[in-house]
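Here's the structure we're looking at; comments come further down.
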Amino acid sequence: MVKKQTVTDLNLNTRINDIFFLKDVEFRVRRDKKTVDMFFKIADKTGEIEAINWDVPTDRVEELGKIEFARVQGHITKKKSDGTLQATISSLIKTAPLDLDYSDYLPRSKENLDELMSRIFSKINSIENYHLKNLLRNFFDDQEFAEKFKRAPAATKVHQPYIGGLVEHTLNVVEICETICHIYQELNRDFLITMAILHDIGKIREYAYHKVIEHTDEGKLLGHIVISLEMIDQKIRSMDNFPKDLELMVKHTLLSHHGHFEFGSPKLPSILAAIALYYADEMDAKVSGFINIKAENKGFKEKWSKWVWWLERSIYLDEEAILKNKINKIDPV
Ligand SMILES: [Fe+2]
Ligand SMILES: [Fe+2]
Numbered sequence: 002m003v004k005k006q007t008v009t010d011l012n013l014n015t016r017i018n019d020i021f022f023l024k025d026v027e028f029r030v031r032r033d034k035k036t037v038d039m040f041f042k043i044a045d046k047t048g049e050i051e052a053i054n055w056d057v058p059t060d061r062v063e064e065l066g067k068i069e070f071a072r073v074q075g076h077i078t079k080k081k082s083d084g085t086l087q088a089t090i091s092s093l094i095k096t097a098p099l100d101l102d103y104s105d106y107l108p109r110s111k112e113n114l115d116e117l118m119s120r121i122f123s124k125i126n127s128i129e130n131y132h133l134k135n136l137l138r139n140f141f142d143d144q145e146f147a148e149k150f151k152r153a154p155a156a157t158k159v160h161q162p163y164i165g166g167l168v169e170h171t172l173n174v175v176e177i178c179e180t181i182c183h184i185y186q187e188l189n190r191d192f193l194i195t196m197a198i199l200h201d202i203g204k205i206r207e208y209a210y211h212k213v214i215e216h217t218d219e220g221k222l223l224g225h226i227v228i229s230l231e232m233i234d235q236k237i238r239s240m241d242n243f244p245k246d247l248e249l250m251v252k253h254t255l256l257s258h259h260g261h262f263e264f265g266s267p268k269l270p271s272i273l274a275a276i277a278l279y280y281a282d283e284m285d286a287k288v289s290g291f292i293n294i295k296a297e298n299k300g301f302k303e304k305w306s307k308w309v310w311w312l313e314r315s316i317y318l319d320e321e322a323i324l325k326n327k328i329n330k331i332d333p334v
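Here our numbering is used: position 304 in the sequence shown is 305, and no number is missing along the way.
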């Protein structure tokens, strides 16, 4: 079925009538202890909008809670002060999987993913150390792994939360590490670039990205640091004579790449390459995350974005306008 209406087409008073993915479904019972309202989000690859289905018959709660994709009918009834929209839904009808083209619902990188993968392969070819190159090849010469790596998102929210996000993020981290190696000659390029390529490989199992992007049970229970460690350990076990001390450095750099215990690293970076990788990773996650927020707020006339939970702040949106003005104006001096 061809999707005609997307989330970005919706505005105040727009009539909604198309198939959307239902997210974060929650039923709340009113004070009268009888009436149940359904709070959720309707989503597709262009974004998501809060929606409410008032006064749901109690015998439909279970069925409605299980719906993933539905023909949604209703109206956009509210525009909040932060620019976000809210829909009031009048009808939800479950859609059969055969009627769906999932690519309408999966946000995707704007880059050519095959090109990004070939950049990863040329980085692997540039590694001189026999053991590190071998380790990388053991992963990336496996077509099934490479295909998953090419499609995986880097996150479900915050930075590069779309198909191809992992390879984009990985290449950004690799390029930041290349620059770090130019500045600080003390770093071993082979080791740092190898770790930049491998640092998030566990995300291919942390996330599901066939129908929609979400955490897998394994992702929720273990997280990508532990999954990556398991994958690397398995590979090293299958290789001949991977040096034990190098193995420890690889594992340490992987385990410590989130830099803090509270961000999921069981060890703090204790070697030079590990501290460099942590900052490179952090740099791309934060800068790419900022770019995302700015893109989401494009066309929104306020000076400040709404509150961003992962930054614990709002961000200033007038940056470009001010800089453009300055650049276009003739210097008065
Ligand atoms: Fe990570
Ligand atoms: Fe990362």
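We put the beta carbon where it would ideally sit given N, CA and C, even for glycine.
Only a predicted model underlies this, so the values are computations on that prediction, with no experimental measurement involved.
Using 8 Å as the cut-off, classify the Cβ of residue i as near or not near the heavy atoms of ligand 1, replying yes or no.
| i | result |
| --- | --- |
| residue 105 | no |
| residue 226 | yes |
| residue 200 | yes |
| residue 216 | no |
| residue 261 | no |
| residue 258 | yes |
Taking 8 Å as the cut-off, is the CB of residue i close to at least one heavy atom of ligand 2?
| i | result |
| --- | --- |
| residue 174 | yes |
| residue 132 | no |
| residue 153 | no |
| residue 274 | no |
| residue 277 | no |
| residue 170 | yes |
| residue 52 | no |
When burial is assigned at 16 or more other CB atoms within 10 Å of the CB, is residue i buried or exposed?
| i | result |
| --- | --- |
| residue 152 | buried |
| residue 226 | buried |
| residue 288 | exposed |
| residue 196 | buried |
| residue 36 | exposed |
| residue 144 | exposed |
| residue 8 | buried |
| residue 324 | exposed |
| residue 222 | exposed |
| residue 71 | buried |
| residue 156 | buried |
| residue 240 | exposed |
Let me check understanding here. Comparing Cα to Cα, which of the options lies closest to residue i?
| i | options | result |
| --- | --- | --- |
| residue 187 | 202, 96, 276 | 276 |
| residue 219 | 211, 204, 154, 212 | 204 |
| residue 136 | 236, 257, 61 | 236 |
| residue 48 | 61, 87, 63 | 87 |
| residue 258 | 101, 199, 34 | 199 |
So if DSSP puts residue i in a beta bridge, which residue, or which two residues, is it bridged to?
| i | result |
| --- | --- |
| residue 51 | 42, 87 |
| residue 208 | 216 |
| residue 75 | 17, 90 |
| residue 62 | In the DSSP output, where bridge partners are listed per residue, residue 62 has none listed. |
| residue 28 | 39 |
| residue 314 | 309 |
| residue 80 | 86 |
| residue 249 | In DSSP, residue 249 forms no bridge with anything. |
Ligand 4 heavy atoms versus the CB of residue i: any closer than 8 Å?
| i | result |
| --- | --- |
| residue 282 | Of the ligands this structure carries, namely ligand 1 and ligand 2, none is ligand 4. |
Below 8 Å on the Cβ atoms is my contact criterion, and I expect residue i with residue j to pass it. Report the Cβ-Cβ distance as a whole number of Å.
| i | j | result |
| --- | --- | --- |
| residue 164 | residue 109 | 4 Å |
| residue 182 | residue 278 | Not quite, the Cβ-Cβ distance comes to about 11 Å (not below 8 Å), so this is no contact. |
| residue 191 | residue 133 | 5 Å |
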